[in-house]
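**Student:** If you number the sequence shown the way my numbering does, the last residue is 366 and the count never jumps.
Beta carbons are placed, not taken as given, at the ideal position from N, Cα and C, and that holds for glycine.
Just passing along the structure, written as structure tokens.
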Amino acid sequence: MRAKKLIILYAVVLFLVVFAVTFNCVCAIARFDVKFEVSSMTGEAQRVQARLEEEYGGKSYLFFGQEDVEAIVLEEGGGYLTVESFSKTFPNVIHAEVREKLEVLSVKLGDKYYAIDEENTILAINGTAVNNVSGNNPALYGISLDPDNPVQVGDKLTVAADDEAAFAAVRSAYDTMDEMLGGARSNVVAMRYSDDLADLEYGGTDLFIEMSEGVCVWIIDPLEDIESKMTRAMEAYLGLGDAQRTYGYITVASADGEADYRAEEPPFSVAEQ
94 MRAKKLIILY
104 AVVLFLVVFA
114 VTFNCVCAIA
124 RFDVKFEVSS
134 MTGEAQRVQA
144 RLEEEYGGKS
154 YLFFGQEDVE
164 AIVLEEGGGY
174 LTVESFSKTF
184 PNVIHAEVRE
194 KLEVLSVKLG
204 DKYYAIDEEN
214 TILAINGTAV
224 NNVSGNNPAL
234 YGISLDPDNP
244 VQVGDKLTVA
254 ADDEAAFAAV
264 RSAYDTMDEM
274 LGGARSNVVA
284 MRYSDDLADL
294 EYGGTDLFIE
304 MSEGVCVWII
314 DPLEDIESKM
324 TRAMEAYLGL
334 GDAQRTYGYI
344 TVASADGEAD
354 YRAEEPPFSV
364 AEQ
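As structure tokens, this is what we get:
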């Protein structure tokens, strides 16, 4: 009787071992289906794909998770690549989508330029407004950093409490330009939020913008109806001839008013004060 029980126990153990080995073989990772949305980081994308296959190909499907993909993406992308989605198809296929983060603005704070993406994540901290691919990002002046929340690459840009509304308005203005111009980075040189003209008849604060051709834009009181004002300004900008875009300035004072173009030296400076 004892011998019979041992035979049954051995059979059960053998079955479990065979089952585990078979299951592990069936559930070994056979393919990484990774979709990359990149513009300048094709080399990094290729390295991510190669490392996934080399380091995890044939490994357990069950114990592979999104954090494994994120670790390799972070190492190869240096913060410029992010995992947008992750899923598995039983028994052996891993799916992921990886997107390249693009710099949209460089915010000047102190002596540093904080390059941010569309979600205000800091991608780089530089001594100039240089873009990581080529040329420069539009530089933003006049916004203060929150002194109680030091930030570094990978963090969300945290501005001073008094400038939160201003920064939101500037980002809204930039997004409007980006949409209307089919990409604002090549059209905008610099932006400055300011109260320089607060003692004049124009209101409390202003947003000054320098376009790449030379013409400037002056949005009066940008905290009110910024999208409408920016839309009117860009309609006027797009309506200018090539020569007119090289000088003068466009003013928008109210959401329902007309944009005013003047072929004269602007009464403001967009450069950092």
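(1) Between which two residues does the alpha helix (DSSP H) containing tyrosine 267 stretch?
(2) Would you identify the three-state DSSP class for isoleucine 302, choosing helix, strand or coil?
(3) Name, in chain order, the residues that DSSP records as bridge partners for valine 162.
(4) Out of curiosity, what's the CA-to-CA distance linking alanine 348 and tryptophan 311?
(5) Could I get the ranges of all uninterrupted beta strand (DSSP E) runs contained in the stretch 184–245, with 3 residues as the minimum, in chain order?
(6) Rounded to whole angstroms, what is the Cα-Cα separation between asparagine 242 and threonine 251?
(7) Here's a check: name, in chain order, each residue in its chain whose Cβ is nearer than 8 Å to the Cβ of alanine 121, leaving out the five neighbours to either side.
(8) Below 8 Å on the Cβ atoms is my contact criterion, and I expect valine 191 with valine 166 to pass it. Report the Cβ-Cβ distance as a whole number of Å.
(9) Specify the secondary structure class of methionine 284 as computed by DSSP and reduced to three states.
(10) May I ask you to report which of helix, strand or coil DSSP gives alanine 121?
(11) For isoleucine 215, collect the residues of the same chain with a Cβ closer than 8 Å to its Cβ; drop the 5 residues on either side in sequence, then sort them by chain order.
(12) Could you check if leucine 145 is buried or exposed, using at least 16 other CB atoms within 10 Å of its CB as the buried criterion?
(13) Excluding the 5 residues flanking glutamate 357 on each side, which residues of the same chain have their C-beta closer than 7 Å to its C-beta?
(14) Would you tell me roughly how many angstroms separate the C-alpha atoms of leucine 233 and phenylalanine 183, rounded to the nearest one?
(15) Can you give the Cα-Cα distance for leucine 202 and aspartate 289, rounded to whole angstroms?
(16) Is DSSP giving leucine 316 helix, strand or coil here?
(17) My guess is that serine 301 and arginine 325 are in contact by the Cβ rule of under 8 Å, so how many angstroms apart are they, rounded?
(18) For alanine 140, tell me which candidate among Lys194, Gly171, Gly220 and Glu303 has the shortest Cα-Cα distance.
(19) Determine the direct distance from the alpha carbon of asparagine 225 to that of isoleucine 218, and round the result to whole angstroms.
(20) Please check the pair glutamate 196 and asparagine 230, which I expect to be a contact at CB under 8 Å, by giving their CB distance rounded to whole angstroms.
(21) With glutamate 358 as the anchor, note down where its alpha helix (DSSP H) starts and where it stops.
(22) Using a Cβ-Cβ distance cut-off of 8 Å, determine whether alanine 217 contacts chain C.
(23) Which residues mark the beginning and the end of the beta strand (DSSP E) in which threonine 175 is found?
(24) Buried or exposed: aspartate 255, going by 16 or more other Cβ atoms within 10 Å of its Cβ?
(25) Could you compute how far the alpha carbon of leucine 102 sits from the alpha carbon of phenylalanine 156?
(26) What would DSSP say about threonine 339, mapped onto helix, strand or coil?
**Tutor:** According to the structure shown:
(1) The residue given as residue 267 occupies position 174 in the sequence shown. Unbroken alpha helix (DSSP H) run through tyrosine 267: 257–274.
(2) Walking along the sequence shown from the start, residue 302 turns up at place 209. Isoleucine 302 falls in the strand class under three-state DSSP.
(3) Counting from 1 along the sequence shown, the entry for residue 162 is found at position 69. Note: valine 162 sits in no beta bridge, so no partner.
(4) Translated into positions along the sequence shown, residue 348 becomes position 255. Translated into positions along the sequence shown, residue 311 becomes position 218. Their backbone Cα atoms lie some 13 Å apart in a straight line.
(5) Entirely contained in the stretch 184–245, the beta strand (DSSP E) runs reaching 3 residues are, in chain order, 186–193, 198–202, 205–209, 215–219 and 232–234.
(6) Within the sequence shown, numbered from 1, the residue matching residue 242 stands at position 149. Within the sequence shown, numbered from 1, the residue matching residue 251 stands at position 158. Approximately 7 Å, taken between the alpha carbons.
(7) Position 28 of the sequence shown holds residue 121. Cβ neighbours of alanine 121 beyond the five flanking positions: Gly151, Lys152, Ser153, Tyr154 and Asn185.
(8) Translated into the one-based positions of the sequence shown, residue 191 becomes position 98. Translated into the one-based positions of the sequence shown, residue 166 becomes position 73. Contact check for valine 191 and valine 166: beta-carbon distance about 6 Å, within the 8 Å limit, so the pair qualifies.
(9) Position 191 of the sequence shown, counted from the first residue, corresponds to residue 284. Reduced to three states, the DSSP call for methionine 284 is strand.
(10) Residue 121 sits at position 28 when you count from the first residue of the sequence shown. Judged by DSSP in its simplified three-state form, alanine 121 adopts strand.
(11) Stepping through the sequence shown from its first residue, residue 215 is reached at position 122. So the qualifying residues of the chain are Tyr207, Ala208, Ile209, Val244, Gln245, Val246, Gly247, Asp248, Lys249 and Leu250.
(12) Here residue 145 is taken as the residue at index 52 of the sequence shown, counted from 1. Buried, by the Cβ-count rule.
(13) Sequence index remark: in the sequence shown, residue 357 carries index 264 (1-based). Once the five neighbours on either side are set aside, the close Cβ partners of glutamate 357 are Gly341.
(14) Position 140 of the sequence shown holds residue 233. Position 90 of the sequence shown holds residue 183. Cα-Cα distance, rounded: 49 Å.
(15) Taking the sequence shown and counting its residues from 1, one reaches residue 202 at position 109. Taking the sequence shown and counting its residues from 1, one reaches residue 289 at position 196. Rounded to the nearest angstrom, the gap between the Cα atoms of leucine 202 and aspartate 289 is 18 Å.
(16) The residue given as residue 316 occupies position 223 in the sequence shown. Leucine 316: coil per DSSP, three-state reduction.
(17) In the sequence shown, the residue the question calls residue 301 occupies position 208. In the sequence shown, the residue the question calls residue 325 occupies position 232. Looking at the sequence shown, residue 301 is not serine but phenylalanine. The pair is not a contact, with the Cβ atoms about 16 Å apart (cut-off 8 Å).
(18) Counting from one through the sequence shown, the residue named residue 140 turns up at place 47. Note on identity: in this sequence residue 140 is arginine, with alanine being the wrong assignment. Closest by alpha carbon: Gly171.
(19) Position 125 of the sequence shown, counted from the start, is the residue given in the question as residue 218. Position 132 of the sequence shown, counted from the start, is the residue given in the question as residue 225. Cα to Cα, the separation comes out at about 11 Å.
(20) By 1-based counting over the sequence shown, the position of residue 196 is 103. By 1-based counting over the sequence shown, the position of residue 230 is 137. Contact holds; Cβ gap of about 5 Å.
(21) As a position in the sequence shown, residue 358 is number 265, starting the count at 1. Glutamate 358 -> no alpha helix (DSSP H), and no H or E assigned at all.
(22) Absent from the structure is chain C; it holds one protein chain and no more.
(23) Locating residue 175 in the sequence shown gives position 82, where the first residue counts as 1. Segment 174–182, the beta strand (DSSP E) holding threonine 175.
(24) Along the sequence shown, one-based indexing puts residue 255 at 162. So aspartate 255 ends up on the exposed side.
(25) Locating residue 102 in the sequence shown gives position 9, where the first residue counts as 1. Locating residue 156 in the sequence shown gives position 63, where the first residue counts as 1. With a pLDDT of 49 at leucine 102, under the threshold of 50, the modelled position of this residue cannot be trusted, and the question is left open.
(26) Looking up residue 339 in the sequence shown gives position 246. Looking at threonine 339 - three-state DSSP - the assignment turns out to be helix.
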